[in-house]
């Protein structure tokens, strides 16, 4: 799927993103407008779900169960990404690189922790 998306993106260069593919396929009509609106709405819903998950994990990690702070963290996360978009695509791209690097570091910590735990279990198992 990602390969096809990349190939289409290199063939049809446009600021419209995936909507350009729909425009090329079925033309500029009510269906295209509806699909563009639904795609935009799906982005809004996705961002709300991500902010909800982030707030839940962050507050659980630091041991806070206050519903007010939960909502506040959600608002701050959304506000940060909205503000980030005002600085343009270059800033978003640079920031995304740092976010991906952070995710890879966290995953690396989990992998190393799993290896250490597995090794300690192997060494402590009676023969």
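In the working numbering, the protein residues as written are -18 to 108. Quick reminder that beta carbons are idealized off the backbone N, C-alpha and C, glycines included. Computed from a prediction, not measured in an experiment: that's the story for all the values here.
Looking only at C-alpha atoms, which of the options sits nearest to residue i?
i          : options    : result
residue 63 : 96, 24, 99 : 24
residue 20 : 6, -3, 39  : -3
To the nearest angstrom, report how far apart residue i and residue j are at their CA atoms.
i           : j           : result
residue 31  : residue 2   : 27 Å
residue 89  : residue 97  : 12 Å
residue 41  : residue 92  : 22 Å
residue 101 : residue 75  : 39 Å
residue 9   : residue 0   : 10 Å
residue 94  : residue 43  : 20 Å
residue 66  : residue 103 : 49 Å
Run the CB neighbour count on residue i, radius 10 Å, all protein chains shown included, and call it buried at 16 or more, exposed below.
i          : result
residue 54 : buried
residue 58 : buried
residue 34 : exposed
message = My parser needs the alpha helix (DSSP H) runs of 4 or more residues fully inside the stretch 30 to 108; what are they?
response = Taking only runs of at least 4 residues, the alpha helix (DSSP H) segments lying wholly in the stretch 30 to 108 are 48 to 67, 70 to 105.
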